[in-house]
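Presented below is the structure to which this report refers.
There are 2 protein chains.
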Amino acid sequence: MSGPRWLNTSEMRAWRGLMGMSRLLFEQLGRELGKEAGLSMADYEVMVQLSEAEGRRLRMSDLAAMSLLSKSRLSHQVARMEATGWVRRESCPSDRRGAFAVLTDEGFAVLADAAPGHVEGVRHHLFDLLDPDEIEQLGAITTKLYQHLNTVVERDCAAPKRDGAVSEAV
Amino acid sequence: MSGPRWLNTSEMRAWRGLMGMSRLLFEQLGRELGKEAGLSMADYEVMVQLSEAEGRRLRMSDLAAMSLLSKSRLSHQVARMEATGWVRRESCPSDRRGAFAVLTDEGFAVLADAAPGHVEGVRHHLFDLLDPDEIEQLGAITTKLYQHLNTVVERDCAAPKRDGAVSEAV
DNA sequence: CGGAAATGGTTGAAGGCTAAATTACCTCGA
DNA sequence: TCGAGGTAATTTAGCCTTCAACCATTTCCG
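This is the structure:
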């Protein structure tokens with residue numbers, strides 16, 4: 027039994043930095059978005075995905091995957107957004123289990139209004155502080171890690187099912 | 027009025043990468059911690075801070091600052107941990123408003139049990155995928171951003187008070 | 001065909017998080 | 001010494017998230 031391989035100084039700096047930085051960054055951006063446009067990061071993310079999609083509509087599953095939300099969470103999220111009028115549900119003709127989430131004109135307008143300020147925030151708290159090299163490095167590192175994690179999460183959350191029932195034994 | 031400065035390709039890659047990566051990373055580590063040791067990332071973080079402190083105890087405010095939790099959230103958090111027996115509260119003799127959170131022996135044992143697996147997870151999902159240069163870069167970038175954000179958050183959350191009442195006008 | 005299993009999506013309950021209000025105490029200055 | 005204002009921490013209420021159970025439909029396959 028070899029003891030656990032603890033983090034060295036360089037690793038510890040990266041770990042603490044990453045943890046603190048991402049926590050504060052997303053909290054801060056969320057706060058600003060809430061104050062300036064009255065929406066949450068989840069609202070924003072969902073609307074962005076819809077706005078970029080063909081016909082401003084996506085199947086719930088696809089939208090969930092793109093926004094990195096669980097199906098359940100997306101369902102609640104869309105329910106709230108439907109209540110405020112930013113999104114509408116439509117049933118899918120080809121698969122009667124399915125549902126589309128559609129961005130309404132009102133939703134699009136809200137997004138268009140919020141976007142410039144949000145991008146400014148991202149610049150102000152992130153890119154304005156980094157030089158082009160650092161942005162490249164950050165992109166390379168995070169993309170690589172992201173891809174790895176995607177496969178891990180898929181494996182981990184598909185066997186024990188992210189939602190849905192568990193099939194007992196073989 | 028110049029239009030908003032949208033993100034260029036490099037920036038967009040870094041932004042999407044950072045967002046996706048950090049979401050998945052912390053979710054995954056949290057899931058593993060929950061499965062393997064029965065505790066949340068917040069539990070873990072709080073216990074680490076306490077375990078490293080003089081006498082395994084910290085004032086609630088200091089603990090909140092170190093763990094990047096709001097006072098309110100920490101109060102709830104510690105209440106739960108007290109109920110499970112991992113932490114105990116002690117009142118502060120020198121300032122009777124104050125309270126210490128103290129890591130119990132049981133809490134320390136739970137942490138000691140959880141730590142090796144958690145560190146393995148951090149290695150497996152993060153450092154094993156990066157070479158030393160990249161770890162250096164990540165550390166440099168995140169530390170710089172973290173420091174900036176700390177000042178921003180302090181400013182933003184101290185004027186409109188993170189808790190407490192607002193003093194009207196001058 | 002017909003039934004088992006898988007898929008798409010929703011629901012409800014339980015618990016966590018946030019913001020605002022509250023309690024209790026300390027500090028400073030007139 | 002008194003009171004105004006600040007600080008430490010908790011509490012309450014409302015919203016959000018998660019987990020597990022559920023319904024409806026489709027697909028797979030003997």
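Protein sequences, first through last, are from chains A and B.
Letter 44 of the first sequence, counting from 1, is numbered 70 in my numbering, and no numbers are missing.
Letter 76 of the second sequence, counting from 1, is numbered 102 in my numbering, and no numbers are missing.
For glycine and all other residues, C-beta sits at the position ideal for the given N, C-alpha and C.
In this text the structure is predicted, and so the values were computed from the model without any measurement.
Name the residues in the region 159 to 170 of chain B whose C-beta lies less than 7 Å from a C-beta of chain A; which are they? E160, I161, E162, Q163, L164, G165, I167, T168, T169, K170
N-terminal and C-terminal residue of the beta strand (DSSP E) that B/F134 is part of: Against the second sequence, residue 134 of chain B aligns to sequence position 108. Careful: B/F134 lies outside any beta strand (DSSP E), inside the alpha helix (DSSP H) at 131 to 151.
Around the C-beta of A/A105, are 16 or more other C-beta atoms found within 10 angstroms, so that it is buried, or is it exposed? To locate residue 105 of chain A, count along the first sequence from 1; it is residue 79. The C-beta of A/A105 has fewer than 16 other C-beta atoms within 10 Å across all chains shown, which makes the residue exposed.
Whole-Å CB distance - A/R114 paired with A/V128, under 8 Å assumed: In the first sequence, counting from the first residue as 1, residue 114 of chain A sits at position 88. In the first sequence, counting from the first residue as 1, residue 128 of chain A sits at position 102. 5 Å between Cβ atoms; contact.
Looking at B/N176 and A/L50, is the spacing between their C-beta atoms short of 8 Å? Walking along the first sequence from the start, residue 50 of chain A turns up at place 24. Walking along the second sequence from the start, residue 176 of chain B turns up at place 150. Contact flag set, yes.
Could you spell out the range, first to last residue, of the alpha helix (DSSP H) harbouring A/R57? Taking the first residue of the first sequence as position 1, residue 57 of chain A is located at position 31. Element bounds for A/R57: 35 to 63.
Tell me B/S117's beta-bridge partners as DSSP assigns them. On the second sequence, position 91 is the one that residue 117 of chain B refers to. Partner(s): B/A125.
Any chain A beta carbon closer than 8 Å to B/Q75: By 1-based counting over the second sequence, the position of residue 75 of chain B is 49. No, no contact with chain A.
Exposure label - A/G43; buried when at least 16 CB within 10 Å: Along the first sequence, read from residue 1 onward, the residue named residue 43 of chain A stands at position 17. Looking at its Cβ environment, which holds 16 or more other Cβ atoms inside 10 Å, A/G43 is buried.
Taking a cut of 8 Å between CB atoms, which residues from the region 103 to 131 of chain A lie near chain B? none
Looking at the secondary structure, which residues open and close the alpha helix (DSSP H) in which B/R31 lies? As a working mapping, residue 31 of chain B is identified with position 5 in the second sequence. Per DSSP, B/R31 belongs to no alpha helix (DSSP H) and is neither H nor E.
With 8 Å as the threshold, decide whether the Cβ of B/R99 is near any Cβ in chain A. Within the second sequence, numbered from 1, the residue matching residue 99 of chain B stands at position 73. Taking Cβ atoms only, chain A never reaches closer than 8 Å to B/R99, which makes this a no.
Below 7 Å on C-beta distance, what does B/G46 contact in chain A? The residue given as residue 46 of chain B occupies position 20 in the second sequence. Near B/G46 (Cβ distances below 7 Å), the residues of chain A are L94, Y172.
Does the CB of B/A40 have a neighbour CB from chain A at under 8 Å? On the second sequence, position 14 is the one that residue 40 of chain B refers to. True, the Cβ-Cβ gap to chain A drops below 8 Å.
Within 10 angstroms of its Cβ, does B/G133 collect 16 or more other Cβ (buried), or is it exposed? Here residue 133 of chain B corresponds to residue number 107 of the second sequence, with the count starting at 1. Burial call: buried.
Is the region 144 to 163 of chain B close to the region 132 to 147 of chain A, with three or more CB pairs under 8 Å? no
B/T169 versus B/A138 - alpha carbon distance: Here residue 169 of chain B corresponds to residue number 143 of the second sequence, with the count starting at 1. Here residue 138 of chain B corresponds to residue number 112 of the second sequence, with the count starting at 1. Across the structure, B/T169 and B/A138 are spaced so that their CA atoms are roughly 27 Å apart.
For A/L171, name the three-state secondary structure that DSSP assigns. To locate residue 171 of chain A, count along the first sequence from 1; it is residue 145. Correct three-state label for A/L171: helix.
How big is the Cα-Cα spacing for A/S193 and A/G64? Against the first sequence, residue 193 of chain A aligns to sequence position 167. Against the first sequence, residue 64 of chain A aligns to sequence position 38. The predicted model places A/S193 with a pLDDT of 39, which falls under 50 and marks its position as unreliable, so this point remains unresolved.
Determine the burial state of B/D69: buried for a count of at least 16 other Cβ atoms within 10 Å of its Cβ, exposed for fewer. Against the second sequence, residue 69 of chain B aligns to sequence position 43. Buried, because 16 or more other Cβ atoms sit within 10 Å of the Cβ of B/D69.
Taking B/A125 as the reference, which of B/V178, B/D131, B/D88, B/L59 has the closest Cα? Start at 1 with the first residue of the second sequence, and residue 125 of chain B comes out as number 99. It is B/D88 whose Cα lies nearest to the Cα of B/A125.
Whose C-beta lies closer than 8 Å to the C-beta of B/M86 among residues of the same chain, with five residues either side of it excluded? Numbered from 1 along the second sequence, position 60 holds the residue referred to as residue 86 of chain B. So the qualifying residues of the chain are K97, L100, S101, V104, G124, A125, F126, A127.
The alpha helix (DSSP H) spanning A/R99 covers which residue range? Taking the first residue of the first sequence as position 1, residue 99 of chain A is located at position 73. That run of the alpha helix (DSSP H) goes 97 to 110.
Output, in chain order, the set of chain B residues within a Cβ distance shorter than 7 Å of A/L156. Looking up residue 156 of chain A in the first sequence gives position 130. By Cβ distance, chain B contributes I167.
So who's on the other strand from A/R181, going by DSSP bridges? Numbered from 1 along the first sequence, position 155 holds the residue referred to as residue 181 of chain A. Its beta-bridge partners do not exist; DSSP assigns none.
Any chain B beta carbon closer than 8 Å to A/G43: As a first step, residue 43 of chain A must be located in the first sequence, where it is residue number 17. The beta carbon of A/G43 falls within 8 Å of a beta carbon belonging to chain B, placing the residue at that interface.
B/A90 versus B/A109 - alpha carbon distance: As a first step, residue 90 of chain B must be located in the second sequence, where it is residue number 64. As a first step, residue 109 of chain B must be located in the second sequence, where it is residue number 83. Taking the straight line joining both Cα atoms gives about 19 Å.
In this structure, does DSSP put A/L84 in helix, strand or coil? Your numbering for residue 84 of chain A matches position 58 in the first sequence. The answer is strand: DSSP assigns A/L84 an E or B state.
Would you please state the rounded distance, in angstroms, between the beta carbons of B/F52 and B/M67? I believe it to be under 8 Å. What you label residue 52 of chain B is simply residue 26 of the second sequence in a count that begins at 1. What you label residue 67 of chain B is simply residue 41 of the second sequence in a count that begins at 1. Contact flag correct, Cβ pair sits at about 7 Å.
Quick check on B/L94: does DSSP put it in helix, strand or coil? Reading the second sequence from its first residue, position 68 is the one you call residue 94 of chain B. Three-state DSSP puts B/L94 in coil, outside helix and strand.
If you draw a straight line from the alpha carbon of A/M45 to that of B/I161, how long is it in whole angstroms? Stepping through the first sequence from its first residue, residue 45 of chain A is reached at position 19. Stepping through the second sequence from its first residue, residue 161 of chain B is reached at position 135. The C-alpha of B/I161 is placed about 14 Å away from the C-alpha of A/M45.
Between the Cα of A/E58 and the Cα atoms of A/H151, A/C183, A/R83, A/P119, which residue gives the shortest distance? One-based indexing of the first sequence puts residue 58 of chain A at position 32. Cα-wise, what sits closest to A/E58 is A/H151.
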